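Written below as structure tokens is the structure these notes are about.
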Ligand code: NAI
């Protein structure tokens, strides 16, 4: 069945360029009414301009779609509220939120000013929090919402010179992991995309060579984002990696581990001896929530207590 966004209202943050632009245009091409948000600053978050958001909104209108630009920053509660209000004022509701806006301020941690740390956290993590907070009451009332948050392999796996960015991107995962549980009964499904695409983000590192750029187009990431925004999507709390035509799931998992007898002392020497088994990930599993994780950890202990008749 074809996926359509007819009668759906989408807010895409940081949609004036790169991935956000691609998401906004694609959703609009499939019928969504789109708020094209972009502050229009530099890659390191300085300045601002109305031009990028305006241009993308015009591109959408030119293909017969519906869009309205918004130039607010995601990084304060008030301006994030304005972004969502733009959707409500122009289109009456919000069904889809794509938190995509971002900046980078790369430096090794010992050379990084704490202001660089703060700002990156503000834009990525708090920007996602503020926009979600503003959109959530509308979604809860209508019992429908699709939210896509943007994480990064830098946070999931680590990257030199990106402690601030990695912390923010992993913070988004923690935020999603808990919010997905709260959103579920209202049919608000929340997933995270870990994209890879040739945009200005790759310029400082020069990571994307000219010859590979055609194969790492933002549109290839958008296919997954659009699916996650659709009513067909029924998954929540997943992290999907997308780039260069490859799509995969990233998951936080726990190894099988080892269980010592809890009635007796456990020493660091025992940890040393059994470390290979503790670190072994062959039988690792993921959990939907802390409840599942605790059941796995403590379940057998509770059973034992039950059998022995202990209090
Ligand atoms: P980009 O720089 O082309 O797009 C980011 C957009 O966000 C820009 O247009 C910028 O003006 C806007 N923006 C920045 N601060 C803002 C604020 N406070 N309020 C509103 N808009 C703001 O870069 P790209 O690559 O499209 O990045 C999009 C997202 O994807 C970011 O969250 C980034 O961290 C993430 N990402 C990108 C990867 C890639 O390979 N390009 C890899 C991993 C994550």
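In my numbering, the protein residues as written are 1046 to 1356. Cβ atoms here follow ideal geometry from the backbone N, Cα and C, with glycine treated the same way. A quick note: this is a predicted structure, and the numbers were derived from the prediction, not measured.
Beta-carbon gap between residue i and residue j smaller than 7 Å
| i | j | result |
| --- | --- | --- |
| residue 1240 | residue 1288 | yes |
| residue 1129 | residue 1139 | yes |
| residue 1302 | residue 1280 | no |
| residue 1098 | residue 1113 | no |
| residue 1060 | residue 1101 | yes |
| residue 1057 | residue 1065 | yes |
| residue 1237 | residue 1215 | no |
| residue 1117 | residue 1124 | yes |
Strand pairing of residue i, partner residues [DSSP]
| i | result |
| --- | --- |
| residue 1183 | BP columns for residue 1183 are empty, so no partner. |
| residue 1144 | 1194 |
| residue 1263 | Partner(s): none; residue 1263 has no beta bridge. |
| residue 1239 | 1286 |
| residue 1113 | 1080 |
Residue environment, residue i, which counts as buried when at least 16 other CB atoms sit within 10 Å
| i | result |
| --- | --- |
| residue 1260 | exposed |
| residue 1181 | buried |
| residue 1068 | buried |
| residue 1176 | buried |
| residue 1122 | exposed |
| residue 1340 | exposed |
| residue 1207 | buried |
| residue 1186 | exposed |
| residue 1355 | Confidence at residue 1355 is low in this model, with a pLDDT of 42, below 50, so its placement is unreliable and the value that follows should be read with caution. Residue 1355 comes out exposed. |
| residue 1309 | exposed |
| residue 1087 | exposed |
| residue 1251 | exposed |
| residue 1054 | buried |
| residue 1317 | exposed |
| residue 1137 | exposed |
Simplified DSSP state of residue i, which is helix, strand or coil
| i | result |
| --- | --- |
| residue 1355 | Model confidence at residue 1355 stands at a pLDDT of 42, short of 50, so the residue's coordinates are unreliable and nothing is read from them. |
| residue 1060 | coil |
| residue 1052 | coil |
| residue 1253 | coil |
| residue 1286 | strand |
| residue 1078 | strand |
| residue 1344 | helix |
| residue 1331 | strand |
| residue 1174 | helix |
| residue 1154 | coil |
| residue 1227 | helix |
| residue 1299 | strand |
| residue 1305 | coil |
| residue 1320 | helix |
| residue 1108 | coil |
| residue 1292 | strand |
heavy atom of the ligand NAI below 6 Å from residue i C-beta
| i | result |
| --- | --- |
| residue 1284 | no |
| residue 1244 | yes |
| residue 1168 | yes |
| residue 1062 | yes |
| residue 1148 | yes |
| residue 1119 | yes |
| residue 1145 | yes |
| residue 1195 | yes |
| residue 1083 | yes |
| residue 1251 | no |
| residue 1241 | yes |
| residue 1092 | no |
Any non-hydrogen atom of the ligand PLP within 6 Å of residue i CB
| i | result |
| --- | --- |
| residue 1201 | With respect to the ligand PLP, the structure offers nothing, as its ligand set consists of the ligand NAI. |
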